[in-house]
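Data block below; observations after.
2 protein chains.
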Amino acid sequence: MLQFEVLARSMESAARCGRFQTARGEVRTPVFMPVGTLGTVKGLTPEELRDAGAQIILGNTYHLYLRPGLDVIRHFNGLHRFMHWPGPILTDSGGFQVFSLARLQKVTEDGAAFQSHIDGSRHMLTPEKAIEIQIALDADIIMPLDRCIGYPAERDAVRAALDMTTRWTRRCQAVWQAEARPQAALFGIVQGGMYDDLRCRSAESLVALDLPGYALGGLSVGEPAEIMLSVAQKALPLLPADRPRYIMGVGTPENLVELVARGADMFDCVLPTRNARNGQLITSRGTLNISNARFREDERPADPACACYTCRRYSRAYLRHLYMARELLAYRLNSIHNIHYYTHLMADMRRAIREDAFEAFRKQFYAGRRASAD
Amino acid sequence: MLQFEVLARSMESAARCGRFQTARGEVRTPVFMPVGTLGTVKGLTPEELRDAGAQIILGNTYHLYLRPGLDVIRHFNGLHRFMHWPGPILTDSGGFQVFSLARLQKVTEDGAAFQSHIDGSRHMLTPEKAIEIQIALDADIIMPLDRCIGYPAERDAVRAALDMTTRWTRRCQAVWQAEARPQAALFGIVQGGMYDDLRCRSAESLVALDLPGYALGGLSVGEPAEIMLSVAQKALPLLPADRPRYIMGVGTPENLVELVARGADMFDCVLPTRNARNGQLITSRGTLNISNARFREDERPADPACACYTCRRYSRAYLRHLYMARELLAYRLNSIHNIHYYTHLMADMRRAIREDAFEAFRKQFYAGRRASAD
Chain G
1337 MLQFEVLARS MESAARCGRF QTARGEVRTP VFMPVGTLGT VKGLTPEELR
1387 DAGAQIILGN TYHLYLRPGL DVIRHFNGLH RFMHWPGPIL TDSGGFQVFS
1437 LARLQKVTED GAAFQSHIDG SRHMLTPEKA IEIQIALDAD IIMPLDRCIG
1487 YPAERDAVRA ALDMTTRWTR RCQAVWQAEA RPQAALFGIV QGGMYDDLRC
1537 RSAESLVALD LPGYALGGLS VGEPAEIMLS VAQKALPLLP ADRPRYIMGV
1587 GTPENLVELV ARGADMFDCV LPTRNARNGQ LITSRGTLNI SNARFREDER
1637 PADPACACYT CRRYSRAYLR HLYMARELLA YRLNSIHNIH YYTHLMADMR
1687 RAIREDAFEA FRKQFYAGRR ASAD
Chain P
1337 MLQFEVLARS MESAARCGRF QTARGEVRTP VFMPVGTLGT VKGLTPEELR
1387 DAGAQIILGN TYHLYLRPGL DVIRHFNGLH RFMHWPGPIL TDSGGFQVFS
1437 LARLQKVTED GAAFQSHIDG SRHMLTPEKA IEIQIALDAD IIMPLDRCIG
1487 YPAERDAVRA ALDMTTRWTR RCQAVWQAEA RPQAALFGIV QGGMYDDLRC
1537 RSAESLVALD LPGYALGGLS VGEPAEIMLS VAQKALPLLP ADRPRYIMGV
1587 GTPENLVELV ARGADMFDCV LPTRNARNGQ LITSRGTLNI SNARFREDER
1637 PADPACACYT CRRYSRAYLR HLYMARELLA YRLNSIHNIH YYTHLMADMR
1687 RAIREDAFEA FRKQFYAGRR ASAD
């Protein structure tokens, strides 16, 4: 199991600071997990991820199942050795991609039949298969197959989806227990859309399964930020205080601060890496669009307060030049900076919670982010 | 000046091993210079270049003049600080790109009028301007504007082009002397196409200018390898033995070995980096097309005899997966390997020359390259 331990609690909010153990090392929470879709966080080496402060990364079951395929990963005894990342890995169940990226054929009680978005080949993802794949990947934290619903959605559809998620989670738990792989911690995923009572229904039935950790899924699917925060605020207290609480697929730095304030411990999101590849540098003093002509001769680093490799070495002018010329190095240097920003934002929050100064931190964070990076 | 010094000569061939000093450090010859077209060797940091064995890199005047523009480079007091590469840089004159990449408007005795391949803007490149740009880039070795002719070409056209190159070189030398920047060494570029007597005519008139180094230009422009080698073999002895001899834009590992055997000291080529981005890994036992299905589960590094970062860490299976998925990391890891292969091929040649065992080296090199990497 994860042996999650809360080390400090904020007196001013629900924020908390903790740690959990995996077979591949300790993780300090709150934590942000960079997304390594295809066995690589796009453009970066494992050493760079570590230098940028990453403790744990995410892999995508759907993508890795299609490419390179399970036989290849099995040949390497799992994803860690294949990609040369020795630290902890969390994998999703593939459900989100099957329902958003693949051509979905049919969803039954059994599972989801879909066609690959790459070559149209036909596959079937069942709860059992989702666990089997993640065990082959040898992930340290694994997720059950869930039925994710977009926004807005009808109450009946949301309720049916969350009930199916609960039944699928029980099947996942059965396989997981049969496989006897306690070093891979299975989390539950609370669904229920933006309906507070349905979130409550989902949380209750999953908490009854006594899983090592719990996630809120189906957020950041198109709803306004206030609604996301409101749903999370009501759902987070329903999750056991002695297990890590993971918000899936969220979000902006502001989202992370607000969700930590509401008691969340774990996050993943493509935002820092995807936006980096789109020329956006996220800093403590707002976000820079590096293509802006005003950076043409700007000798300053992206963020003068930042100690990342990119900011220690390169000027905004050089980063702008690389980005305008669509040079490969641009995507890489920008990604290093953004991941560093996210991991250090989490470290700052952990420190603030330990010092019971979270509200002061939050004020300072907003003052900085609202300032101009110029 | 460069203070070129020959340290050892092969008794079995014209191969030689030497060194020259620049304001930014010593360079051991024979040397291969990775191409950093736009102020970056595509995908790699300066630290990675250094780790892969690069002593000196090449920058492209034409590209840097258009992007980011001279005002930006001047603001940073040159290319080194802008791109954070502290070692020596050689820049070309821009002539090759003006004659191959830009929309050429008109070539007169004055220079070449052209339109940018990016935005169609109109520019004029004169011999004086080519030197002015390279001095702004603060390159350690600079090249005169030359008139490069393709293959095949009529004798009269080749002769006219080489004579224009000679006159342009004199104008370049005049500006260079007036600027009094001896730390930027101006080389001469011998043209003359595939006509041995015209190469001789070009070499004689340029050697008379007493420049710090000499290059053979206009090779690897479509001619068969035997013709290239034959032309180089006859032209190299016409260049002063006490100056570095640089073969521009060549080539394969086999080309480099054959040209070193004929007395060449310096090389640049996009081949290792471009082919890396096309999935070709150049090894001591032949070239791997990493997309090949036989590498799907291959746990071996690209080259078991190679000590580069890529080969120390990653399997062929992982490199194949990254390449098939068009992941950014693929281009980078492949480029690191190929540059390492090239720089270490040169280091092996330097050692063989010092030990006067160049012929034994050459035999072993061909035996390895003809073997299968499987």
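Top line first, the protein sequences correspond to chains G and P.
Okay, so the first sequence: first residue is 1337 according to my numbering, each after it adds one.
Okay, so the second sequence: first residue is 1337 according to my numbering, each after it adds one.
Just so it is clear, CB atoms sit at the ideal spot from N, CA and C, and this is done for glycine as well.
As the structure is a computational prediction, the values presented were derived from the model and not from experiment.
According to DSSP, Glu1341 of chain P shares a beta bridge with P:Arg1355. Along the stretch 1349 to 1378 of chain G, the positions whose C-beta sits under 8 Å from a C-beta of chain P are Leu1374, Gly1375, Thr1376, Lys1378, read in chain order. Cα atoms of Thr1501 of chain P and Gln1527 of chain P: separation of roughly 8 Å, rounded to the nearest angstrom. With a threshold of 16 other beta carbon atoms within 10 Å, Ala1597 of chain P meets it and is buried. Within the same chain, Gly1395, Leu1400, Leu1415, Phe1418, Met1419 come within 7 Å of Gly1375 of chain G by CB-CB distance, once the 5 residues on both sides are set aside.
Looking at the DSSP output, Ser1620 of chain G sits in a beta bridge with G:Gly1622.
Less than 8 Å separates the beta-carbon of Met1479 of chain P from that of Ala1551 of chain P. In the structure shown, Asp1604 of chain G falls within a strand segment according to DSSP collapsed to helix, strand and coil. By the beta-carbon neighbour count (other beta carbons within 10 angstroms, threshold 16), Asn1670 of chain G is buried. Arg1636 of chain G has a beta carbon lying at 8 Å or more from every beta carbon in chain P. Annotation: the continuous beta strand (DSSP E) that includes Ile1525 of chain G extends over 1521 to 1526. Under the Cβ criterion (8 Å, minimum of three pairs), the stretch 1342 to 1360 of chain P does not count as touching the stretch 1637 to 1657 of chain P. Rounded to the nearest angstrom, the gap between the Cα atoms of Trp1504 of chain P and Asp1482 of chain P is 7 Å. Membership of Glu1384 of chain P in the alpha helix (DSSP H) is indicated by the continuous run 1382 to 1387. Each residue's CA atom was taken as its position, placing Arg1352 of chain P and Asp1684 of chain P some 13 Å apart. According to the DSSP secondary-structure assignment, Arg1439 of chain G is paired through a beta bridge with G:Gln1451. Looking only at G:Met1347, G:Ala1350, G:Gln1391, the smallest Cα-Cα distance to Val1363 of chain G is reached by G:Gln1391.
Below 8 Å, enough C-beta pairs join the stretch 1598 to 1614 of chain G and the stretch 1571 to 1589 of chain G to call them touching: three or more. In this structure, the straight-line span from the alpha carbon of Gly1704 of chain P to that of Glu1384 of chain G is close to 34 Å. The beta carbon of Arg1410 of chain G is closer than 8 Å to those of Ala1472 in its chain, skipping five residues each way along the sequence. Chain-order list of chain P residues neighbouring Phe1418 of chain G: Tyr1654, by C-beta distance under 7 Å. Nearest CB-CB separation between Pro1404 of chain P and chain G: below the 8 Å threshold.
Just so you know, the alpha carbons of Thr1365 of chain P and Ala1688 of chain P end up roughly 12 Å apart.
Short of 6 Å from the beta carbon of His1453 of chain P, and not among the five residues preceding or following it, lie these beta carbons of its own chain, in chain order: Leu1437, Ala1438. Arg1649 of chain P belongs to the set of residues whose beta carbon lies under 8 Å from a beta carbon in chain G. As the crow flies, the alpha-carbon of Ala1344 of chain G is around 5 Å from that of Arg1690 of chain G.
If you draw a straight line from the Cα of Leu1380 of chain G to the Cα of Ser1538 of chain P, it is about 48 Å long. The three-state secondary structure of Met1584 of chain G, taken from DSSP, is coil. Close CB contacts of Leu1655 of chain P within its chain, under the 8 Å cut and outside five residues either way in sequence, are with Leu1617, Ile1626, Phe1631, Ala1638, Thr1646, Ala1666, Leu1669, Asn1670 (chain order).
A direct Cα-to-Cα measurement between Arg1535 of chain P and Val1377 of chain G gives close to 52 Å. Rounded to whole angstroms, the separation of the alpha carbons of Leu1565 of chain G and Asn1628 of chain G is 32 Å. In this structure, the CA atom of Glu1490 of chain G is about 28 Å from the CA atom of His1459 of chain G. DSSP lists G:Leu1426, G:Ala1521 as the bridge partner or partners of Ile1477 of chain G. Taking the C-beta atoms as reference points, Asp1476 of chain P is found nearer than 8 Å to Gln1519 of chain P.
Arg1706 of chain G and Arg1495 of chain G have their alpha carbons spaced roughly 39 Å apart. For Arg1613 of chain G, the closest C-alpha among the options G:Ile1672, G:Met1347, G:Glu1633 is that of G:Ile1672.
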